[in-house]
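Student: Protein sequence lines, in the order shown, are assigned to chains X and C. One rule links them: number in the working numbering = place in the first sequence (from 1) + 66. One rule links them: number in the working numbering = place in the second sequence (from 1) + 8.
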Amino acid sequence: MKVLVPIKRVIDANIKVRVKADHSGVELSNVKMAMNPFCEIAVEEAIRLREAGTAEEVVVVAVGPSQSQETLRTGLAMGADRAILVETDPIPEPLAIAKLLKAVAEKENPGMIILGKQAIDGDNNQTGQMLAGLLNWSIGSFVSNLEVAGSSVKVTREVDGGLENIELVAPAVITVDLRLNEPRYASLPNIMKAKKKPLETHTPEDLGVDVSPRLEVLQVVEPAARAAGVLVTSADELVDKLRNEAKVI
Amino acid sequence: MSILVIGEHDNSSLRPSTLNVVSAAKELGDSIDVLVAGSDCQGAAQEAATITGIARVLAADELALADGLAENLAPLIQSLAENYTHVLAPATTYGKNLLPRAAALLDVQQISDISGIESPDTFVRPIYAGNAMATVRSGDALKLITVRTTSFEAAEQTGSAPVEPVSGSVDAQLSTFAGEELTRSERPELTTADIIVSGGRGMQSSENFAMLEALADKLGAAVGASRAAVDAGYVPNDYQVGQTGKVVAPSLYIAVGISGAIQHLAGMKDSKIIVAINKDEEAPIFQVADYGWVVDLFEAIPQLDAALEATAR
Ligand SMILES: Cc1cc2nc3c(=O)[nH]c(=O)nc-3n(C[C@H](O)[C@H](O)[C@H](O)COP(=O)(O)OP(=O)(O)OC[C@H]3O[C@@H](n4cnc5c(N)ncnc54)[C@H](O)[C@@H]3O)c2cc1C
Ligand SMILES: Nc1ncnc2c1ncn2[C@@H]1O[C@H](COP(=O)(O)O)[C@@H](O)[C@H]1O
Chain X
67 MKVLVPIKRV
77 IDANIKVRVK
87 ADHSGVELSN
97 VKMAMNPFCE
107 IAVEEAIRLR
117 EAGTAEEVVV
127 VAVGPSQSQE
137 TLRTGLAMGA
147 DRAILVETDP
157 IPEPLAIAKL
167 LKAVAEKENP
177 GMIILGKQAI
187 DGDNNQTGQM
197 LAGLLNWSIG
207 SFVSNLEVAG
217 SSVKVTREVD
227 GGLENIELVA
237 PAVITVDLRL
247 NEPRYASLPN
257 IMKAKKKPLE
267 THTPEDLGVD
277 VSPRLEVLQV
287 VEPAARAAGV
297 LVTSADELVD
307 KLRNEAKVI
Chain C
9 MSILVIGEHD
19 NSSLRPSTLN
29 VVSAAKELGD
39 SIDVLVAGSD
49 CQGAAQEAAT
59 ITGIARVLAA
69 DELALADGLA
79 ENLAPLIQSL
89 AENYTHVLAP
99 ATTYGKNLLP
109 RAAALLDVQQ
119 ISDISGIESP
129 DTFVRPIYAG
139 NAMATVRSGD
149 ALKLITVRTT
159 SFEAAEQTGS
169 APVEPVSGSV
179 DAQLSTFAGE
189 ELTRSERPEL
199 TTADIIVSGG
209 RGMQSSENFA
219 MLEALADKLG
229 AAVGASRAAV
239 DAGYVPNDYQ
249 VGQTGKVVAP
259 SLYIAVGISG
269 AIQHLAGMKD
279 SKIIVAINKD
289 EEAPIFQVAD
299 YGWVVDLFEA
309 IPQLDAALEA
319 TAR
């Protein structure tokens, strides 16, 4: 089985983002970028499937500007075998990304596609579910455990009430949650090796996908700030404030 | 405007998230139908019928819909959608799993997790873990939207709308439900609780979390946690509050041994009053706290317990 892993280049999760002065978006120039943390978990899971002999090949795919090659190289350094860049600038909306990924999947014929549950820039949480819909494949979203058993995939999902188990008919789309695994760091030799692994490039045109946006961002602003609070020094003081000042207990 | 609200339920009863979504729908227009799609789901449909201000409940009652599987539900939403200008679902794990699939089938770019409505085509939503708020206008004729439940009041339940049967689901046979491990608790549910006591890595163990649970019970509160506390196995996954867990906005949120990482703040900074209990005065949680107490939590919790006891009404 071949596993496809779509990965996104985003602002590093540790960076405090700043809204641009003209309110057109957030500041992206000279900011540290990294692989979306959920995508790292997706890559890790795919590599583990290959190490377990369940998968033969792991292909990472990124949709985005040419700098996304760095993210793909990170995936290759973690252990993916090949990379595909669908070059677009700017990065399109989730529906268009899902259409591009569908076109790639139709060329590659994977047995499973593993995505992150959410990209931490747009916080959309859509792409995997959309891709599964376009392909008419089964979907296991927010997965914290995954087991391949013949032609079915058993997954545990993190849902609001706790955990849910479902069995998917392969080929399946999986979106991963934080507790599925602990992604590995790429070693220096593997980073060197990754430079020589194959990376092919496509465009939306050659994949026959219209990526024109459906949404217009009118403005991006800072959220309302909370007013500064006060410090208390005892339990009695805290309870008194909560009861008589804030009136919340 | 005619709006379809996807009701969230467990067949026998309606989930409260549906009530918040109906309130969002009311900001768009006054022709609102609520879909209850399940199996043996008359209980949930009857409860939906009591929501104030809705036109109808559409009840799709079929075996293939029993477990809320997106593969079977999305085609039903696709076939119903032509009668509406907007389809709304809660931004809960149920809605997040389902609605994007329906959007893809309908060739619509969904708008996720809206916290405000400017006009029938323009919406406000948090991005970058709530570090920025984006106002977006949709050019799609049909709008598919998931709604941040904490941003809209719960609709009242004083009505009696008619319940009409609908069909159109498919049994895609792509997935099967194989059981669940739901967290059972006598305490209020996190997303609707009026008071939440949350613990972080500072709690050090699941045994210590029992202290917080006792405190929560005194306050009639729900118990939440940071990702670090969940990852360490102190509490189950569904306790996680944050960018990638639950979004909550109680009247009172007490954060104990939580540093206040941006991803945690994303899930709780709309709470009315925030209390931070942390021994590190530099912890970022103090920047959003209304009342901060710089103290070792293992001293603070028993004292707080005692103070509540002493002044109990
Ligand atoms: C992609 C991504 C998604 C994430 N999503 C979430 C999310 O949804 N929710 C979430 O919470 N986090 C999330 N995180 C993790 C987040 O970045 C932080 O790592 C996490 O919130 C830290 O949890 P914590 O505050 O419990 O632990 P720490 O940051 O370790 O803080 C522990 C705090 O406890 C205090 N403390 C320790 N001992 C005591 C004591 N005896 N008395 C008093 N205080 C004490 C310390 O001073 C410290 O401030 C996410 C991270 C990433 C990268
Ligand atoms: N531009 C992209 N290129 C490749 N994969 C992507 C891209 N955008 C999103 N994805 C995948 O879809 C997941 C969910 O993203 P989103 O729907 O934007 O929250 C990510 O974790 C990735 O696995």
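Note that the Cβ used here is the ideal one computed from N, Cα and C, for glycine as well. Model, not experiment: these values are computed from the prediction.
Looking at chain X, which residues of the segment 142-162 of chain C have a Cβ within less than 8 Å of any of its Cβ atoms?
Tutor: Ala142, Thr143, Val144, Arg145, Ser146, Gly147 and Asp148
Student: Going by DSSP, what residue range makes up the beta strand (DSSP E) through Arg145 of chain C?
Tutor: For the purposes of this step, residue 145 of chain C is taken as the residue at position 137 of the second sequence. Segment Ala140 to Ser146, the beta strand (DSSP E) holding Arg145 of chain C.
Student: Any C-beta of chain C sitting closer than 9 Å to the C-beta of Gly228 of chain X?
Tutor: Here residue 228 of chain X corresponds to residue number 162 of the first sequence, with the count starting at 1. Closer than 9 Å to some Cβ of chain C, the Cβ of Gly228 of chain X qualifies, so yes.
Student: Can you tell which of X:Val314, X:Arg292, X:Val305 and X:Leu254 has its C-alpha closest to the C-alpha of Met144 of chain X?
Tutor: For this step, residue 144 of chain X is matched to residue 78 along the first sequence. Selected option, being the one with the closest Cα: X:Leu254.
Student: Got a sec: which bits of the segment 200-219 of chain X sit with their beta carbon under 8 Å from any beta carbon on chain C, in order along the chain?
Tutor: Leu200, Asn202, Trp203, Ser204, Ile205, Gly206, Ser207, Phe208 and Ser210
Student: Taking Lys307 of chain X as the query, report the chain C residues whose CB atoms sit under 7 Å from its CB, ordered along the chain.
Tutor: By one-based count along the first sequence, residue 307 of chain X stands at place 241. Those within 7 Å of Lys307 of chain X in chain C are Tyr299.
Student: Any heavy atom of ligand 2 closer than 8 Å to the CB of Ala185 of chain X?
Tutor: Within the first sequence, the letter at position 119 stands for residue 185 of chain X. For ligand 2, at least one heavy atom lies less than 8 Å from the Cβ of Ala185 of chain X.
Student: Give the secondary structure of Phe104 of chain X by DSSP, where H, G and I count as helix, E and B as strand, and everything else as coil.
Tutor: Position 38 of the first sequence, counted from the start, is the residue given in the question as residue 104 of chain X. Correct three-state label for Phe104 of chain X: helix.
Student: Under three-state DSSP, which class holds Gly228 of chain X?
Tutor: Walking along the first sequence from the start, residue 228 of chain X turns up at place 162. Of the three classes helix, strand and coil, the one that applies to Gly228 of chain X here is strand, per DSSP.
Student: Within 10 angstroms of its Cβ, does Tyr299 of chain C collect 16 or more other Cβ (buried), or is it exposed?
Tutor: Along the second sequence, one-based indexing puts residue 299 of chain C at 291. Flag for Tyr299 of chain C reads buried.
Student: Determine whether the Cβ of Val316 of chain X lies closer than 9 Å to any Cβ atom of chain C.
Tutor: Limits of chain X in this structure are 67 at one end and 315 at the other, which puts residue 316 of chain X out of reach.
Student: Just verifying my parser: in three-state terms, what is the DSSP assignment at Ser259 of chain C?
Tutor: In the second sequence, the residue the question calls residue 259 of chain C occupies position 251. Reduced to three states, the DSSP call for Ser259 of chain C is coil.
Student: Which of helix, strand or coil does DSSP assign to His94 of chain C?
Tutor: The sequence position of residue 94 of chain C within the second sequence is 86, counting from 1. Strand at His94 of chain C.
Student: DSSP three-state call for Tyr247 of chain C: helix, strand or coil?
Tutor: Working through the second sequence from its first residue, we reach residue 247 of chain C at position 239. Helix, per DSSP.
Student: Closer than 7 Å between beta carbons: that is the criterion. Which residues of the segment 90-117 of chain X meet it against chain C?
Tutor: Val92
Student: State buried or exposed for Pro173 of chain C, treating a residue as buried only when at least 16 other CB atoms are found within 10 Å of its CB.
Tutor: The residue given as residue 173 of chain C occupies position 165 in the second sequence. Pro173 of chain C comes out exposed.
Student: Where do the N-terminal and C-terminal ends of the alpha helix (DSSP H) with His268 of chain X fall, by residue?
Tutor: Counting from one through the first sequence, the residue named residue 268 of chain X turns up at place 202. Here His268 of chain X belongs to no alpha helix (DSSP H); instead the beta strand (DSSP E) covers Leu265 to His268.
Student: Going by DSSP, what residue range makes up the beta strand (DSSP E) through Pro134 of chain C?
Tutor: Against the second sequence, residue 134 of chain C aligns to sequence position 126. Run containing Pro134 of chain C: Thr130 to Ile135, per the beta strand (DSSP E) assignment.
Student: Distance cutoff 9 Å, beta carbons only. Does Met67 of chain X sit that close to anything in chain C?
Tutor: Here residue 67 of chain X is taken as the residue at index 1 of the first sequence, counted from 1. Judged by the 9 Å Cβ criterion, Met67 of chain X is not in contact with chain C.
Student: Anyone know if the C-beta pair for Val76 of chain X and Ala100 of chain X falls short of 9 Å?
Tutor: Translated into the one-based positions of the first sequence, residue 76 of chain X becomes position 10. Translated into the one-based positions of the first sequence, residue 100 of chain X becomes position 34. The answer is yes: Cβ separation under 9 Å.
Student: Going by DSSP, which residues form a beta bridge with Val127 of chain X?
Tutor: Within the first sequence, numbered from 1, the residue matching residue 127 of chain X stands at position 61. Looking at the DSSP assignment, Val127 of chain X forms a beta bridge with X:Pro72 and X:Ile150.
Student: Please list the partners that Thr292 of chain X has in chain C, where partner means a Cβ-to-Cβ separation under 9 Å.
Tutor: Within the first sequence, numbered from 1, the residue matching residue 292 of chain X stands at position 226. The amino acid occupying residue 292 of chain X in the given sequence is Arg; Thr does not appear at that position. Those are Lys277, Ile282, Gln295, Val296, Ala297 and Asp298, listed as they occur along chain C.
Student: With H, G and I counted as helix, E and B as strand and the rest as coil, what does DSSP make of Ala186 of chain C?
Tutor: In the second sequence, residue 186 of chain C corresponds to position 178, counting from 1. DSSP places Ala186 of chain C in strand when its eight states are reduced to three.
Student: Should Ile293 of chain C be listed as close to ligand 1, given that the test is whether its C-beta is under 8 Å from any heavy atom?
Tutor: Taking the first residue of the second sequence as position 1, residue 293 of chain C is located at position 285. Yes, the Cβ of Ile293 of chain C comes within 8 Å of a heavy atom of ligand 1.
Student: For the segment 113-125 of chain C, which residues have a CB atom closer than 8 Å to at least one CB atom of chain X, in sequence order?
Tutor: Leu113, Asp115, Val116, Gln117, Gln118, Ile119, Ser120 and Asp121
Student: Under a CB-based cut-off of 9 Å, is Lys74 of chain X close to chain C?
Tutor: Taking the first residue of the first sequence as 1, we reach residue 74 of chain X at position 8. Answer no: the Cβ-Cβ gap between Lys74 of chain X and chain C never drops below 9 Å.
Student: Please list the residues of the segment 177-191 of chain X that have a C-beta atom closer than 8 Å to any C-beta atom in chain C, keeping them in chain order.
Tutor: Lys183, Gln184, Ile186, Asp187, Gly188, Asp189, Asn190 and Asn191
Student: Can you tell me whether Val243 of chain C sits near ligand 2, meaning its C-beta is under 8 Å from at least one heavy atom of the ligand?
Tutor: On the second sequence, position 235 is the one that residue 243 of chain C refers to. False, no ligand heavy atom lies under 8 Å from that Cβ.
Student: Residues of chain X with CB closer than 8 Å to the CB of Ile270 of chain C, please, in chain order.
Tutor: Along the second sequence, read from residue 1 onward, the residue named residue 270 of chain C stands at position 262. Simply Lys82.
Student: Tell me the start and end of each unbroken beta strand (DSSP E) in the segment 180-262 of chain X that is at least 3 residues and wholly inside, in chain order.
Tutor: 204-215, 218-225, 228-235 and 238-242
Student: Is Asp189 of chain X near ligand 2, judged by its Cβ being under 8 Å from some heavy atom?
Tutor: Taking the first residue of the first sequence as 1, we reach residue 189 of chain X at position 123. Asp189 of chain X: yes, Cβ under 8 Å from ligand 2.
Student: May I have the straight-line CA-CA distance separating Ala215 of chain X from Ala112 of chain X, to the nearest angstrom?
Tutor: If you number the first sequence from 1, residue 215 of chain X lands on position 149. If you number the first sequence from 1, residue 112 of chain X lands on position 46. Looking at the two C-alpha atoms, the distance is approximately 15 Å.
Student: If we count Cβ pairs, one from each stretch, closer than 8 Å, do we get three or more for the segment 239-249 of chain X versus the segment 190-199 of chain C?
Tutor: no
Student: Return the residues of the segment 231-257 of chain X that lie within a Cβ-Cβ distance of less than 7 Å from chain C, sorted by chain order.
Tutor: Asn231, Ile232, Glu233, Leu234, Val235, Leu244 and Arg245
Student: Under the assumption that Tyr261 of chain C contacts Ser279 of chain C (Cβ atoms under 8 Å), give the Cβ distance between them as a whole number of angstroms.
Tutor: One-based indexing of the second sequence puts residue 261 of chain C at position 253. One-based indexing of the second sequence puts residue 279 of chain C at position 271. So it is a contact: roughly 4 Å between Cβ atoms.
Student: Can a CB atom of chain X be found closer than 9 Å to the CB of Arg109 of chain C?
Tutor: As a working note, residue 109 of chain C is residue 101 in the second sequence. Chain X contact via Cβ: present.
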